[in-house]
Amino acid sequence: MFHIPYILLDDTKVYLFTTFAMSPFQREMFFLYTKAAFSKANMAIFVIFAYTECYFMRAEKEIETLTIEEIRDRLSKTVNEQELPILVEGFTVLAKSRNLFDIAMNAQTPYRLPGIRIGLLTGGTVNVTTNLINHDVKAPTLAFFSSGSILQLNKVAAEGEVQGMMIEPNYFAELFPHNVPPMFNGQLKDAFIPVDNRDKEKVEHLFLALTLTMKEPAYNRQAAQAIITALCYIYNQIYEQYADKPQNSRSRERELFDGFIRLVNEHGKHQHTLSFYADRLCITHRYLSRVIQQVSGTYAKEWIDRAIVTEAKVMLKHSNLSVAAIAEELHFANPSFFNKYFKRLTGMTPNGYREKE
């Protein structure tokens, strides 16, 4: 038996892993890959290994997410430099791109999005599922995703075009140490806001100003911060105007549904019973079940199932956790029960989904 340590370093954590070979007949293959990120804040060194018949111990290994670096890497293979995300410490800007959806993202695959993201769909239509809810989005539309949101791309029109930015939470806290615009205070998970041409041009001009500022030889950090702050306030203003329109006002039932979905997104990974959510909303589970079906046309338990399956898909596609480890992470009694549950809801086994292209 022999012992092989390896590490993963990033800008916030240090992970230590260990593998133990079980017999001298096992084969180990190692690949060293050094990745210099596009800013000091994102410098990373990865030591990656492939193995057969090995057991390993892990310390807080997080599910991989769709990072800006990964998006840039995928786009760089087919698009010109002008369409690549511009990375600096604290935030990233993506100029107008027609290639983000079909190159950087795989359809029908859920991704977890790190960082606060705001964007503008400037052309085409997109069907996406964000934090369990399906949306048909038509340009021009503003988009907002809180950090940790789960996004799945379902369908994109050929002319789909988008621009936007990602703001790291710590950098956002520096921009707004006290008066955070309500849209960004953590209560809202995501939003799609249709806009007229006037608001579209306003946001486009701010994104253009930010892009040009970042490309200047003498980068002006204060100017960039001012533009980002203005963008956040503009997004918040447009969102509040949209939410205040009579046709967008929410009934008590709709507020309960939104509260239920927010709780399911937050706790669905570990809490599988309807009674938990009813207790948190201070209502009976029967009343909650009736309201959810009335508002959405879908049973409350189905929403919980969707959250569990989505989380499982993210883990299966973007981590090297075993099916047994995923079953434990999702609070299933045993791997067999998780396998049957996943197959009943998706039509394939966890391993089958993991191996599917």
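The sequence shown begins at 1 in UniProt numbering and counts up one residue at a time.
All residues carry an ideal CB built from backbone N, CA and C; glycine is no exception.
Computed from a predicted model, the values in this text were never measured in an experiment.
When burial is assigned at 16 or more other CB atoms within 10 Å of the CB, is M315 buried or exposed? Working through the sequence shown from its first residue, we reach residue 315 at position 315. M315 should be labelled buried.
Buried versus exposed, by CB contacts within 10 Å (16 or more), R344: Numbered from its first residue, the sequence shown carries residue 344 at position 344. Under this definition R344 is an exposed residue.
Using only CA atoms, which one of E255, A300, V295 and R252 lies nearest to L274? One-based indexing of the sequence shown puts residue 274 at position 274. L274 has its Cα closest to that of A300, out of E255, A300, V295 and R252.
Reduced DSSP secondary structure (H/G/I, E/B, other) of L87: Your numbering for residue 87 matches position 87 in the sequence shown. Here L87 sits in strand by DSSP.
Could you check if residue 362 is buried or exposed, using at least 16 other CB atoms within 10 Å of its CB as the buried criterion? Only positions 1 to 357 of the chain appear in this structure, which leaves residue 362 out of reach.
Report the CB separation of N339 from P350 in whole angstroms; it is logged as a contact under 8 Å. If you number the sequence shown from 1, residue 339 lands on position 339. If you number the sequence shown from 1, residue 350 lands on position 350. Correct: roughly 6 Å between the Cβ atoms.
Kindly indicate the opening and closing residues of the beta strand (DSSP E) around Q163. Taking the first residue of the sequence shown as 1, we reach residue 163 at position 163. E161 to I167 is the extent of the beta strand (DSSP E) around Q163.
For N179, count the other beta carbons within 10 Å of its own beta carbon; 16 or more makes it buried, fewer makes it exposed. Which is it? Position 179 of the sequence shown holds residue 179. Counting Cβ neighbours within 10 Å, N179 comes out exposed, since fewer than 16 surround it.
Based on Cα-Cα distance, which residue from F184, Q237 and N220 lies nearest to K202? The residue given as residue 202 occupies position 202 in the sequence shown. If we check each option's Cα against that of K202, Q237 comes out closest.
Identify which residue in V93, K96 and G268 has its Cα closest to the Cα of E329. The residue labelled residue 329 in the question sits at position 329 within the sequence shown. The candidate whose alpha carbon is nearest that of E329 is G268.
At least three beta-carbon pairs within less than 8 Å, the region 284 to 299 to the region 226 to 237: no
Just the Cα atoms here: how many angstroms apart are R117 and E216? Taking the first residue of the sequence shown as position 1, residue 117 is located at position 117. Taking the first residue of the sequence shown as position 1, residue 216 is located at position 216. Computed Cα separation, rounded: 23 Å.
Determine whether the beta carbon atoms of V137 and L151 lie at a separation below 8 Å. On the sequence shown, position 137 is the one that residue 137 refers to. On the sequence shown, position 151 is the one that residue 151 refers to. No; because the gap between Cβ atoms is not below 8 Å, this pair is not in contact.
Given the structure, does Y353 come close to the ligand GDP, in the sense that its CB is under 7 Å from one of the ligand's heavy atoms? For the ligand GDP, the structure offers nothing, since it holds no ligand at all.
Work out the CA separation of G347 and H270 for me, nearest whole Å. Numbered from its first residue, the sequence shown carries residue 270 at position 270. Numbered from its first residue, the sequence shown carries residue 347 at position 347. Roughly 23 Å between the two C-alpha positions.
Which residues does DSSP list as the beta-bridge partners of H178? By one-based count along the sequence shown, residue 178 stands at place 178. Answer by DSSP bridge pairing: none, since H178 is not bridged.
Would you give the residue range spanned by the beta strand (DSSP E) that T141 belongs to? As a first step, residue 141 must be located in the sequence shown, where it is residue number 141. Per DSSP, T141 belongs to the beta strand (DSSP E) from T141 to F145.
Which of the three DSSP states is assigned to I193 in this structure? Residue 193 sits at position 193 when you count from the first residue of the sequence shown. Looking at I193 - three-state DSSP - the assignment turns out to be strand.
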